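Chemist: The C-terminal position of the sequence shown is numbered 150 in UniProt numbering, with every residue numbered one higher than the one before it.
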Amino acid sequence: MDDLDRRILAAMQQNNRHSFAELADLVGSSAASCMRRVNKLRADGVIIADISLIEPKAVGKSLTVIVNVELDRERLDLVDEFKRAMRAAKEVTQCYMVTGDADFVLIVAVEDVEAFDVFVKTKLYTNPNVRKFRSMIALDRVKFEPRMLV
């Protein structure tokens with residue numbers, strides 16, 4: 001990856017709806033070169049998705065909860081099962097396996113406290129490998145920047 005690739009990635013993280021001609025103007029290259037490079041970045045797995053970021057409150061998800069989860073046993077099959085369950089849980093927008101006191105950190109987006117209670121009862125209390133969890137309700141989203149410094 002060279003400097004032009006990095007400029008392309010930086011520009012696309014700001015707005016990935018530019019035409020290749022517009023992108024070329026932004027990064028100082030040709031449209032054909034930008035198209036080839038973007039296609040290669042996608043093929044190489046550097047660009048993993050082209051998505052639209054949605055304001056949670058605009059779609060009724062006004063409550064964000066950060067949940068630290070401690071598993072009872074750390075057997076590989078049980079850890080993999082928990083990962084599968086969290087990938088399938090529509091309320092979980094992010095899930096990280098971490099070091100430290102918790103085994104996983106979840107970011108859960110729901111409508112309200114009642115919806116979070118349903119999530120807890122159906123996804124955490126029912127999992128026999130969840131030893132305990134601690135939840136923190138986000139009061140204010142101070143920074144949300146899903147970009148990588150390139």
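Note that the Cβ used here is the ideal one computed from N, Cα and C, for glycine as well.
All of these numbers come straight from a predicted model, not from anything done at the bench.
(1) In three-state DSSP terms, what is Arg36?
(2) Counting along the chain, where does the alpha helix (DSSP H) carrying Val92 start and finish?
(3) Quick check for students: name the residue ranges of the alpha helix (DSSP H) that lie wholly in the UniProt domain "HTH asnC-type" (1 to 62), counting only runs of 4 or more.
(4) Between the stretch 111 to 126 and the stretch 32 to 46, do three or more beta carbon pairs fall short of 8 Å?
(5) Assign Phe104 to buried or exposed, taking buried as 16 or more other Cβ atoms, counted over all protein chains shown, within 10 Å of its Cβ.
(6) CB-CB under 6 Å to Leu124, same chain, minus the five flanking residues each way: which ones, in chain order?
(7) Quick one: Cα of Met35 to Cα of Glu55, how far?
(8) Take the Cβ of Met1 as the centre, count every other Cβ of all protein chains shown within 10 Å, and call the residue buried at 16 or more, exposed below.
(9) Determine the DSSP secondary structure at Met124, reduced to helix, strand or coil.
(10) DSSP puts Leu71 in a beta bridge; with which residues?
(11) Is the separation between the beta-carbon of Val59 and that of Ser135 shorter than 8 Å?
(12) Cα separation between Ala89 and Asp101?
(13) In three-state DSSP terms, what is Met148?
Modeler: In short:
(1) Assignment of Arg36 by DSSP, reduced to helix, strand and coil, places it in the helix class.
(2) From DSSP, Val92 is part of no alpha helix (DSSP H) but of the beta strand (DSSP E) over Val92 to Met97.
(3) Fully enclosed alpha helix (DSSP H) runs of 4 or longer: 3 to 14, 20 to 27 and 31 to 43.
(4) no
(5) buried
(6) Contacts found: Val130 and Phe133.
(7) 30 Å
(8) exposed
(9) A small correction: the amino acid at residue 124 is Leu; Met does not occupy that position in the sequence shown. The answer is helix: DSSP assigns Leu124 an H, G or I state.
(10) For Leu71, which the question treats as bridged, DSSP gives the partners Val130.
(11) no
(12) 23 Å
(13) coil
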